[in-house]
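Visitor: Residue numbers (the working numbering): 7 to 681.
#1: Using the Cα positions of residue 543 and residue 634, report the straight-line distance between them to the nearest angstrom.
#2: Looking only at DSSP bridge pairs, what is residue 428 linked to?
#3: Can you give me the C-alpha to C-alpha distance between residue 404 and residue 23, rounded to a whole angstrom?
#4: Would you mind reading off the limits of the alpha helix (DSSP H) that contains residue 58?
#5: What is the DSSP secondary structure of residue 768, counted as helix, strand or coil?
#6: Using the Cα positions of residue 80 and residue 352, report the straight-line distance between them to the nearest angstrom.
#7: Would you mind sorting residue 506 into buried or exposed? The rule is 16 or more other CB atoms within 10 Å of its CB.
#8: Determine the burial state of residue 651: buried for a count of at least 16 other Cβ atoms within 10 Å of its Cβ, exposed for fewer.
#9: Going by the beta-carbon positions, is the gap between residue 227 and residue 206 smaller than 8 angstroms?
#10: Let me check understanding here. Comparing Cα to Cα, which of 477, 462, 551 lies closest to residue 526?
#11: Within the continuous beta strand (DSSP E) that includes residue 613, where are the two ends?
#12: Assuming contact is defined by CB atoms lying nearer than 8 angstroms, are residue 595 and residue 253 in contact in what I supplied?
#13: Taking residue 220 as the reference, give the member of 185, 155, 136 with the closest Cα.
#14: Kindly indicate which three-state DSSP category residue 640 falls into: helix, strand or coil?
#15: With DSSP as the reference, label residue 149 as helix, strand or coil.
#16: Expressed to the nearest angstrom, what Euclidean distance is found between the alpha-carbon atoms of residue 523 and residue 367?
#17: Is residue 178 buried or exposed, if buried means 16 or more other CB atoms sit within 10 Å of its CB?
#18: In the DSSP assignment, what residue or residues form a beta bridge with residue 399?
#19: Below 8 angstroms on the Cβ atoms is my guess for residue 225 versus residue 424; work out the distance and round it to an integer in Å.
#20: Grab the span of the alpha helix (DSSP H) containing residue 81 for me, first residue to last.
#21: Under 6 angstroms Cβ to Cβ from residue 105, same chain only, skipping five residues before and after it: list those, please.
#22: Quick one: residues in its chain with C-beta nearer than 6 angstroms to the C-beta of residue 626, no 5 flanking neighbours on either side, listed in chain order?
#23: How far does the beta strand (DSSP E) with residue 436 in it reach, from first residue to last?
#24: Under a three-way DSSP split, which group does residue 536 fall into?
#25: What residue range is occupied by the uninterrupted beta strand (DSSP E) comprising residue 189?
#26: Going by DSSP, name the residue or residues bridged to residue 530.
#27: According to DSSP, residue 462 sits in a beta bridge with which residue or residues?
#28: Classify residue 331 as helix, strand or coil using the three-state DSSP reduction.
#29: Could you check if residue 587 is buried or exposed, using at least 16 other CB atoms within 10 Å of its CB as the buried criterion?
#30: According to the Cβ coordinates, are residue 189 and residue 568 closer than 8 angstroms?
#31: So, do the segment 526 to 541 and the segment 353 to 363 have three or more beta carbon pairs nearer to each other than 8 angstroms?
#32: Grab me the residues of residue 515's own chain with a C-beta within less than 8 angstroms of its C-beta, minus the 5 sequence neighbours each way, in chain order.
#33: By a C-beta neighbour count over all protein chains shown, 10 Å radius and 16 as the cutoff for buried, is residue 555 buried or exposed?
#34: Touching or not, the segment 482 to 490 and the segment 645 to 662, by the rule of three or more beta carbon pairs under 8 angstroms?
#35: Count Cβ pairs between the segment 331 to 345 and the segment 443 to 461 that sit closer than 8 angstroms; are there 3 or more?
#36: Under the assumption that residue 302 contacts residue 618 (Cβ atoms under 8 angstroms), give the Cβ distance between them as a whole number of angstroms.
Okay, here's the thing in structure tokens:
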């Protein structure tokens, strides 16, 4: 019996992780595909006149079994992968792409949808129904339904190849991350490093039965090393290793994969009648066009560049005064920034970390959600999980009713990709009168507890946890009828608003008082530290903005023009970034070949949305500040018009219902100290 194809009998219909065997995935996915095909055939064969219910709604709920199985599989492939799992992923990806193409290129199915679409004005649909119909119609028209047969065949080939290339790209980055270790045997080479970082490196070396200390390219190891290690040569060694991922003469080189992905995306867009991949993508975004995105990024660049250059000059002068260094290199940035920050604000992460014990920070996020949205998080121990590091929670509202199941997974391990993300194992939707509640997860890579210390977070990690938790709230508070419009299923340049707005509470004394307590003494974080956190929030913000803009502009350069002329990725990247570059180029490094956001994840032509959403989030939080950061009325509006609505209406319409006006960029520039 295959556990994945049965009805889950676990509590709250949660995934039976511990009972899933590796050999269950392939047959379960095949069975799910067959079931989906049969559901589609039933819709197409229906002799009745196409209606919203028998066509659009029926299509929306087709393939639910398959969606459930693949969400479990692909989530674990990111958080708990293995060679075997990666093999299965390579095998099932083309099958799923083929199914997706078979649906969107099904002429008879499209005819039924078109029939409903053409009479939409007479149908008295709700806003959500109208949005679903529009989305379904566009999903077909934007994915080849109107193409002649020969072009449909080419589209299928492109989509199948792209699905495999994206997987390979990600596997290569993970393999390169896992392959590298910096093994240190001399204690003096640890100078400057925090005690916790040294202890973690020692533990890793011990686990491999080696002397000394081992540092890796995983963020909790890499970041403190590059920030605190006094040995400049070793910082250089590690930084170059980090920047070389996917750019070495070995089996994991991603240069051809990047070129192939960019060219196939462009060909696909042309096939569908769009000038570029960015034109295709942005049609379904708030920003709408590549021109508008580039204007937005370049406008911010004009405002941020003078500040960034001033800051870089200040940092260089500081490094020269400290150590006689006249030319800052990339491996010096974090190190001297931290030193300068300590000098200016007398505030360093090591001073702050004792106040940010992971469990307390998580509890703080829960408390903030309770004060704002009336949610209660209760840890439970009878819900199955996929790894011992995972914690499970029941989330309830003021009436004690179940809102969601929440999973948290916070520590790095070999089978887990770098970074932090929110995902879901089951979406929210309403079917047969039952409001099915979502199962939401956040995955991060924080420092593990050691023999002597709990997991203590840097302030940056605190904001990361709140960021992902904001995405999670968007998923958990979803309250829509249709799964494809639920939770984070919104325009991509709107999806970062709930996550980024949550970060603001990390800077507020009222919120910090809830969770920033010293892990040994219980003492609340001193007000002077809070003042300094706020004061230093815009420290080197010009440089940070420039860095973000460089990624957004690089993304647009790859996807907003014909990429067929690109022969050398390194040279292309260097040219793209020359207007935003502060540090000298490092010949051995190339960022594009490990730029997973745009070549593996869903951010192609969308990286600008981080900055776009910052405009929204600064404006939204200003509204909270005007009325009190825990003001119930403002929080209710945010919940009712943003968090619960998913993609049921145009984002700007939702935002204006919440805020009463369109967002103004002034709030962002003011917060960033760029005005």
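Note that CB positions come from ideal geometry on N, CA and C, so glycine has one too.
Given the structure is predicted, the values throughout are model-derived calculations rather than measurements.
Guide: Walking through what the data contain:
#1: 20 angstroms
#2: 448
#3: 30 angstroms
#4: Unbroken run through residue 58: none, as it is neither H nor E.
#5: In this structure the chain extends from 7 to 681, so residue 768 is not present and cannot be described.
#6: 44 angstroms
#7: buried
#8: buried
#9: yes
#10: 462
#11: Residue 613 -> no beta strand (DSSP E), and no H or E assigned at all.
#12: yes
#13: 185
#14: helix
#15: coil
#16: 9 angstroms
#17: buried
#18: 385, 412
#19: 6 angstroms
#20: 70 to 85
#21: 39
#22: 507
#23: 435 to 437
#24: helix
#25: 188 to 190
#26: 523
#27: 363
#28: coil
#29: exposed
#30: no
#31: yes
#32: 533, 536
#33: buried
#34: yes
#35: no
#36: 7 angstroms
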